[in-house]
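Engineer: Residue numbers (my numbering), protein chains in the order written: chain A, 43 to 470; chain B, 43 to 470. For every residue, glycine included, the Cβ atom is placed at its ideal position computed from N, Cα and C. One structure is given below, represented as structure tokens, and several questions about it will come after.
2 protein chains.
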Amino acid sequence: MDEKEFFSELEALREGRMRLSSSTLKERNDALNLVSDALEKNKDWIFSENRKDIEKWKDKLSESVLKRLLFDEKKLAGVRLGISDVVKLPDPVGKVTEKRELDEGLVLQRVTVPIGTIGMIFESRPDALVQIVALAIKSGNALILKGGKEAERTNRALFESIREGLSSSPLGSSFLIQIESHEDVDRILKLDGDIDLLIPRGSNEFVRKVMANTNIPVLGHADGVCSVYVDEFANLEMALEIVIDSKCDYPAACNAVECVIVNGKVKDAFLPMLGEKAREMGIVLHLDESARDVIDGAPLKDSDVGREYLSLEMNVVVAKSVEDAVLYIQKHGSKHTDAIVTDSIESWRYFSSHVDSADVFWNASTRFADGFRFGLGAEVGIATGKIHARGPVGLEGLTTYKWLLSGHGDVVSPYTSGVKKFHHREIK
Amino acid sequence: MDEKEFFSELEALREGRMRLSSSTLKERNDALNLVSDALEKNKDWIFSENRKDIEKWKDKLSESVLKRLLFDEKKLAGVRLGISDVVKLPDPVGKVTEKRELDEGLVLQRVTVPIGTIGMIFESRPDALVQIVALAIKSGNALILKGGKEAERTNRALFESIREGLSSSPLGSSFLIQIESHEDVDRILKLDGDIDLLIPRGSNEFVRKVMANTNIPVLGHADGVCSVYVDEFANLEMALEIVIDSKCDYPAACNAVECVIVNGKVKDAFLPMLGEKAREMGIVLHLDESARDVIDGAPLKDSDVGREYLSLEMNVVVAKSVEDAVLYIQKHGSKHTDAIVTDSIESWRYFSSHVDSADVFWNASTRFADGFRFGLGAEVGIATGKIHARGPVGLEGLTTYKWLLSGHGDVVSPYTSGVKKFHHREIK
Numbered sequence: 043m044d045e046k047e048f049f050s051e052l053e054a055l056r057e058g059r060m061r062l063s064s065s066t067l068k069e070r071n072d073a074l075n076l077v078s079d080a081l082e083k084n085k086d087w088i089f090s091e092n093r094k095d096i097e098k099w100k101d102k103l104s105e106s107v108l109k110r111l112l113f114d115e116k117k118l119a120g121v122r123l124g125i126s127d128v129v130k131l132p133d134p135v136g137k138v139t140e141k142r143e144l145d146e147g148l149v150l151q152r153v154t155v156p157i158g159t160i161g162m163i164f165e166s167r168p169d170a171l172v173q174i175v176a177l178a179i180k181s182g183n184a185l186i187l188k189g190g191k192e193a194e195r196t197n198r199a200l201f202e203s204i205r206e207g208l209s210s211s212p213l214g215s216s217f218l219i220q221i222e223s224h225e226d227v228d229r230i231l232k233l234d235g236d237i238d239l240l241i242p243r244g245s246n247e248f249v250r251k252v253m254a255n256t257n258i259p260v261l262g263h264a265d266g267v268c269s270v271y272v273d274e275f276a277n278l279e280m281a282l283e284i285v286i287d288s289k290c291d292y293p294a295a296c297n298a299v300e301c302v303i304v305n306g307k308v309k310d311a312f313l314p315m316l317g318e319k320a321r322e323m324g325i326v327l328h329l330d331e332s333a334r335d336v337i338d339g340a341p342l343k344d345s346d347v348g349r350e351y352l353s354l355e356m357n358v359v360v361a362k363s364v365e366d367a368v369l370y371i372q373k374h375g376s377k378h379t380d381a382i383v384t385d386s387i388e389s390w391r392y393f394s395s396h397v398d399s400a401d402v403f404w405n406a407s408t409r410f411a412d413g414f415r416f417g418l419g420a421e422v423g424i425a426t427g428k429i430h431a432r433g434p435v436g437l438e439g440l441t442t443y444k445w446l447l448s449g450h451g452d453v454v455s456p457y458t459s460g461v462k463k464f465h466h467r468e469i470k
Numbered sequence: 043m044d045e046k047e048f049f050s051e052l053e054a055l056r057e058g059r060m061r062l063s064s065s066t067l068k069e070r071n072d073a074l075n076l077v078s079d080a081l082e083k084n085k086d087w088i089f090s091e092n093r094k095d096i097e098k099w100k101d102k103l104s105e106s107v108l109k110r111l112l113f114d115e116k117k118l119a120g121v122r123l124g125i126s127d128v129v130k131l132p133d134p135v136g137k138v139t140e141k142r143e144l145d146e147g148l149v150l151q152r153v154t155v156p157i158g159t160i161g162m163i164f165e166s167r168p169d170a171l172v173q174i175v176a177l178a179i180k181s182g183n184a185l186i187l188k189g190g191k192e193a194e195r196t197n198r199a200l201f202e203s204i205r206e207g208l209s210s211s212p213l214g215s216s217f218l219i220q221i222e223s224h225e226d227v228d229r230i231l232k233l234d235g236d237i238d239l240l241i242p243r244g245s246n247e248f249v250r251k252v253m254a255n256t257n258i259p260v261l262g263h264a265d266g267v268c269s270v271y272v273d274e275f276a277n278l279e280m281a282l283e284i285v286i287d288s289k290c291d292y293p294a295a296c297n298a299v300e301c302v303i304v305n306g307k308v309k310d311a312f313l314p315m316l317g318e319k320a321r322e323m324g325i326v327l328h329l330d331e332s333a334r335d336v337i338d339g340a341p342l343k344d345s346d347v348g349r350e351y352l353s354l355e356m357n358v359v360v361a362k363s364v365e366d367a368v369l370y371i372q373k374h375g376s377k378h379t380d381a382i383v384t385d386s387i388e389s390w391r392y393f394s395s396h397v398d399s400a401d402v403f404w405n406a407s408t409r410f411a412d413g414f415r416f417g418l419g420a421e422v423g424i425a426t427g428k429i430h431a432r433g434p435v436g437l438e439g440l441t442t443y444k445w446l447l448s449g450h451g452d453v454v455s456p457y458t459s460g461v462k463k464f465h466h467r468e469i470k
């Protein structure tokens with residue numbers, strides 16, 4: 043889209059956003075149902091556009107990526123089910139999270155509201171486009187989104203269908219903008235005044251680039267360097283099962299384990315078990331010197347430390363104590379998800395209070411770090427920052443709040459002079 | 043401080059931070075009392091250093107700034123009272139804000155934790171230094187702080203006394219660093235990995251500079267361009283009282299009104315009242331053309347629109363409707379605090395749902411926008427961003443959360459394969 047066109051759409055978005063942000067839950071749910079119907083109605087066109095994308099890329103992409111790119115009857119059913127799930131979720135906006143009478147008749151409320159405009163940049167999966175639009179509508183947020191270039195035609199068809207569906211909603215569709223080019227992305231990174239939050243989903247390198255090149259707050263994570271620490275008081279069978287699940291359930295996931303930290307006191311017992319199972323599962327182990335005293339494997343190179351493999355490879359290091367393990371995680375982890383396997387409540391207490399990650403798990407697989415598994419109803423992404431939402435982020439992460447104060451002509455000067463005093467009475 | 047010295051203090055802070063972030067409430071409250079005692083013990087030294095600062099600056103600064111710079115027996119009593127108030131506040135960390143059993147025996151908790159390290163840069167008031175240190179200790183956050191150069195000797199004396207007090211606490215004092223030079227400030231703006239949140243308090247220009255030159259999240263506000271809208275259904279006596287209080291209670295405050303928007307239907311009745319009172323109070327009015335049809339005053343120049351006067355000056359503009367007033371605020375306000383005066387609940391509903399500011403007030407002075415008046419117990423600052431805390435920010439704004447999951451060897455693969463299902467049962 044050229045610059046003039048973009049800014050004219052942006053002007054329309056500013057108006058559409060105001061209407062959307064003050065809409066009722068019913069208006070937003072009705073809009074979601076209209077979107078779902080329009081996708082069903084336009085499905086043949088969407089499928090045919092998707093076949094053209096696949097045709098174009100089929101020699102250049104791996105089979106697993108092509109599988110994610112595919113948008114067929116089954117994927118459509120999935121996204122429509124997703125929309126109806128989002129319709130069923132409670133309204134994330136308009137919730138009163140604090141209510142307090144400051145003085146007689148002067149009532150303060152803190153109420154959740156949409157953030158405003160979200161900028162979302164994501165990779166090839168076209169079903170993600172629909173999911174993101176649904177979450178934005180439900181939470182009352184305007185959305186500027188860019189999908190992966192591999193799904194260009196599919197995304198266009200999906201987006202046009204969504205706008206068509208919204209055209210019969212009183213909310214309209216001007217609160218949605220789809221962009222496609224790198225120039226468009228560079229442009230939105232500069233829109234501090236219009237975009238309130240950026241959510242980039244893609245390669246680590248891409249997310250890091252976004253974070254470094256914008257003053258807009260960014261929600262997400264560049265790295266998912268997760269560890270499992272096997273304590274001296276661990277049930278070793280359990281530890282093995284957790285490590286293997288954390289790696290093998292989905293090795294390319296951000297919540298897959300990349301480093302196993304083994305307490306020195308149990309290394310002689312645990313490492314042979316791990317070595318055997320790793321061979322069986324085809325996991326390549328990168329072992330530090332102390333681990334190589336016990337089993338064979340590739341030596342851990344400096345460049346491997348803190349690496350996110352996203353495949354059937356992982357580091358194995360030996361720690362003297364839980365304190366040592368925590369220091370290792372603080373230094374080489376990415377504040378995403380870290381687990382301890384132990385039967386000692388003292389070890390858990392130390393680990394959970396000192397590991398500074400979004401998710402800290404006890405005797406459970408790192409793969410549980412997920413919005414659906416956490417019961418958040420939906421997942422916007424996983425954030426490793428400290429500000430705003432953290433860990434798996436649900437709809438709540440797309441809201442902020444405002445303070446509403448209602449009085450009867452109340453002025454501050456009598457409080458300044460001491461004639462009046464606040465009584466600050468909480469209202470349930 | 044030279045670079046080497048700075049990084050050696052930073053190394054110590056990283057360790058001190060870990061100990062602090064996992065400390066008990068009693069340890070933190072004890073530390074606060076030690077700080078308070080040390081200030082009392084060292085007061086003669088602190089007062090004498092303060093006299094040297096004042097001596098140095100007395101010909102260069104206005105009387106009101108010198109008043110803020112003064113640190114005497116009365117100010118000391120104030121900061122010690124402030125510390126004892128902070129001791130009494132409930133623990134902001136360790137609160138369980140969600141608790142859910144995902145499946146039999148697999149329990150998820152969301153627990154509040156300190157953010158980590160706060161970077162605070164503020165202006166001349168030395169009492170602010172003590173207040174900020176107290177809030178940081180209470181919330182378990184490490185702190186890198188820089189005070190104003192005018193209070194250099196006072197701040198050093200205060201800081202040294204605080205460290206002295208903390209030396210007998212098990213928490214130590216290495217989680218606090220004081221910096222002084224501009225080079226130090228430039229250095230901390232780059233410390234993405236160490237500083238989790240920056241809180242700049244000072245001139246608009248300074249805050250904007252910080253925001254533009256760092257990738258660290260910033261909490262605060264550059265501008266406080268607050269409006270009061272006098273609706274067609276306003277009680278005009280009440281409107282006048284609110285406008286005058288919003289301006290005159292403390293004209294230099296960020297929550298003082300800078301623009302009065304008057305509905306056209308009441309301008310003939312309201313503006314003469316406002317004009318007379320403004321003359322009486324010495325307020326200079328900048329009037330748009332429509333307002334000048336009714337009363338005399340300086341014509342509103344383009345460069346005055348959206349201006350933060352911070353003095354006894356303000357703009358007066360006429361709006362056709364509440365919709366019009368909202369659009370004006372969206373365009374020229376700074377998302378800080380905006381008030382409507384009206385007896386119509388419809389006007390309030392429209393105004394409160396469409397004005398996108400942190401604080402939206404009904405029939406009350408903009409000057410109520412304040413952490414103490416809101417009953418937050420303490421005020422870290424006022425934020426106009428949308429992410430994390432918004433409006434007046436209390437101790438809660440210095441916390442984030444982590445997710446703790448505890449299981450009994452739970453792995454994800456049976457859920458992936460469909461053998462097991464989550465039951466997501468909320469635990470009260």
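Alpha helix (DSSP H) containing Ala-320(B): first to last residue?
Structural biologist: Here the alpha helix (DSSP H) through Ala-320(B) covers 309 to 323.
Engineer: Below 9 angstroms on C-beta distance, what does Thr-66(A) contact in chain B?
Structural biologist: Residues of chain B passing the Cβ test: none, with the nearest at roughly 10 angstroms.
Engineer: Could you run through the segment 108 to 139 of chain A and flag, in chain order, every residue whose CB is less than 8 angstroms away from some CB of chain B?
Structural biologist: Under the 8 angstroms Cβ criterion, the segment 108 to 139 of chain A contributes no residue.
Engineer: Rounded to whole angstroms, what's the CA-CA distance from Gly-460(B) to Phe-414(A)? Just pull it up for me.
Structural biologist: Approximately 14 angstroms, taken between the alpha carbons.
Engineer: Within 10 angstroms of its Cβ, does Ser-345(B) collect 16 or more other Cβ (buried), or is it exposed?
Structural biologist: With fewer than 16 Cβ atoms within 10 Å of its Cβ, Ser-345(B) is classed as exposed.
Engineer: Can you tell me where the beta strand (DSSP E) with Gly-433(B) in it begins and where it stops?
Structural biologist: 433 to 435 is the span of the beta strand (DSSP E), which, as asked, contains Gly-433(B).
Engineer: I'd like the list of long-range same chain contacts for Pro-293(A), defined as Cβ closer than 7 angstroms, with 5 residues on each side in sequence excluded.
Structural biologist: Leu-352, Ser-353, Leu-354, listed in sequence order.
Engineer: With DSSP run on the structure shown, which of helix, strand or coil describes Gly-449(A)?
Structural biologist: Gly-449(A): strand per DSSP, three-state reduction.
Engineer: DSSP beta-bridge partners for Leu-161(A)?
Structural biologist: Leu is not the amino acid found at residue 161(A); the sequence shown has Gly there. Ile-186(A), Leu-240(A), per the DSSP bridge assignment.
Engineer: Quick one, are the C-beta atoms of Thr-159(A) and Arg-243(A) less than 8 angstroms apart?
Structural biologist: No, the Cβ-Cβ distance between Thr-159(A) and Arg-243(A) is not below 8 angstroms.
Engineer: Applying a beta-carbon distance threshold of less than 8 angstroms, which residues of chain B neighbour Thr-442(A)?
Structural biologist: Here the neighbours are Lys-428, Ile-429, Arg-432.
Engineer: Who pairs with Asn-142(A) in a beta bridge, going by DSSP?
Structural biologist: It is worth fixing the name first, because residue 142(A) is Arg in this sequence and not Asn. In the DSSP output, where bridge partners are listed per residue, Arg-142(A) has Leu-150(A), Glu-468(A).
Engineer: When you check each C-beta in the segment 265 to 294 of chain B against every C-beta of chain A, which residues fall closer than 9 angstroms?
Structural biologist: For the segment 265 to 294 of chain B, which is checked against every Cβ of chain A, the residues closer than 9 angstroms are Asn-277, Glu-279, Met-280, Ala-281, Glu-283, Ile-284, Ile-286, Asp-287, Ser-288, Cys-290, Asp-291, Tyr-292.
Engineer: Taking Lys-444(A) and Val-138(A) to be in contact with their CB atoms under 8 angstroms, please state how far apart those CB atoms are, rounded to whole angstroms.
Structural biologist: Actually they are not in contact, since the Cβ atoms of Lys-444(A) and Val-138(A) sit about 11 angstroms apart, beyond 8 angstroms.
Engineer: Nearest chain A C-beta to Phe-217(B) closer than 8 angstroms, yes or no?
Structural biologist: Phe-217(B) does not count as touching chain A.
Engineer: Quick one: what's Tyr-443(B) bridged to in DSSP?
Structural biologist: Answer is Thr-154(B).
Engineer: Under 8 angstroms Cβ-Cβ, which residues of chain A neighbour Gly-423(B)?
Structural biologist: Under the 8 angstroms cutoff, chain A gives no residues; its nearest Cβ is about 14 angstroms from Gly-423(B).
Engineer: Please classify Ser-126(B) as buried or exposed, where buried requires at least 16 neighbouring CB atoms within 10 angstroms.
Structural biologist: Under this definition Ser-126(B) is an exposed residue.
Engineer: Per DSSP, what kind of secondary structure is Ser-389(B) in: helix, strand or coil?
Structural biologist: Of the three classes helix, strand and coil, the one that applies to Ser-389(B) here is helix, per DSSP.
Engineer: So with Cβ pairs under 8 angstroms, would you call Asn-257(B) a contact of chain A?
Structural biologist: Asn-257(B) counts as touching chain A.
Engineer: Please confirm if Val-92(B) has its CB atom under 8 angstroms from at least one CB of chain A.
Structural biologist: Contrary to the premise, residue 92(B) reads as Asn rather than Val in this sequence. No - not a single Cβ of chain A is within 8 angstroms of the one on Asn-92(B).
Engineer: Under the three-state reduction of DSSP, which class applies to Leu-231(B): helix, strand or coil?
Structural biologist: It is helical.
Engineer: With a 10 Å radius around its C-beta and 16 neighbouring C-beta atoms as the bar for buried, classify Met-162(A) as buried or exposed.
Structural biologist: Its Cβ being crowded by 16 or more others within 10 Å, Met-162(A) is buried.
Engineer: Using a Cβ-Cβ cut-off of 7 angstroms (strictly less than) and excluding sequence neighbours within five positions of Ser-65(B), which residues of its own chain qualify?
Structural biologist: Around Ser-65(B): Gly-182, Leu-213.
Engineer: Suppose contacts are defined by Cβ-Cβ distances below 8 angstroms. Is Val-383(A) in contact with Asp-273(A) by that definition?
Structural biologist: For Val-383(A) and Asp-273(A), yes; Cβs fall inside 8 angstroms.
Engineer: Just curious, the beta strand (DSSP E) that His-328(A) is in, first and last residue?
Structural biologist: Run containing His-328(A): 326 to 329, per the beta strand (DSSP E) assignment.
Engineer: DSSP puts Pro-341(A) in a beta bridge; with which residues?
Structural biologist: BP columns for Pro-341(A) point to Leu-329(A).
Engineer: Pick out whichever of Gly-207(B), Leu-131(B), Ile-174(B) has its Cα sitting closest to the Cα of Val-121(B).
Structural biologist: Nearest of Gly-207(B), Leu-131(B), Ile-174(B) to Val-121(B), Cα basis: Ile-174(B).
Engineer: Does the beta carbon of Trp-404(B) sit closer than 8 angstroms to a beta carbon anywhere in chain A?
Structural biologist: Chain A, which has a Cβ nearer than 8 angstroms to the Cβ of Trp-404(B), makes this yes.
Engineer: Tell me whether Ala-119(A) is buried or exposed, calling it buried when 16 or more other Cβ atoms sit within 10 Å of its Cβ.
Structural biologist: The residue in question, Ala-119(A), is exposed, as its Cβ has fewer than 16 Cβ neighbours within 10 Å.
Engineer: Quick check: the Cα distance between Ile-337(B) and Met-323(B), rounded to an integer number of angstroms?
Structural biologist: Whole-angstrom Cα-Cα distance: 16 angstroms.
Engineer: Determine the burial state of Ile-241(B): buried for a count of at least 16 other Cβ atoms within 10 Å of its Cβ, exposed for fewer.
Structural biologist: Result: buried.
Engineer: Using a Cβ-Cβ cut-off of 7 angstroms (strictly less than) and excluding sequence neighbours within five positions of His-466(B), which residues of its own chain qualify?
Structural biologist: Cβ neighbours of His-466(B) beyond the five flanking positions: Arg-142, Leu-144.
Engineer: Helix, strand or coil for Phe-416(B), going by three-state DSSP, please let me know.
Structural biologist: Phe-416(B): coil per DSSP, three-state reduction.
Engineer: Measuring alpha carbon to alpha carbon, tell me which of Asn-357(B), Ala-276(B), Asp-72(B) ends up nearest Glu-388(B).
Structural biologist: Taking only the C-alpha atoms, the option nearest Glu-388(B) is Ala-276(B).
Engineer: What residues are listed by DSSP as bridge partners for Ile-219(B)?
Structural biologist: Bridge partners of Ile-219(B): Ile-186(B).
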